[in-house]
Amino acid sequence: MAKVGKIFKCMTCGNQVVVIKAGKNPKVGCCGKPMKERRI
């Protein structure tokens, strides 16, 4: 489960998404592929 405040980045286009609301099983994706959690 993605936690609020986590940053996910698309490895294809470089787009970034910040999780602002926790869900049961959010699917974070871009360019048709799952996004990877970015380590700070």
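Here this note's numbering = 1-based position in the sequence shown + 391. In this text, a Cβ means the ideal position worked out from N, Cα and C, and glycines have one as well.
- Residue state for C422 is assigned as coil, using DSSP reduced to three classes.
- Leaving aside the five residues that flank R429 on each side, the residues in its chain whose CB is nearer than 6 Å to its CB run, in chain order, I398, K400.
- Contact check for G423 against V410 fails: the beta carbons are separated by 8 Å or more.
- Straight-line measurement puts the Cα of A413 at about 17 Å from the Cα of P425.
- Bounds of the beta strand (DSSP E) holding I398 are 398-400.
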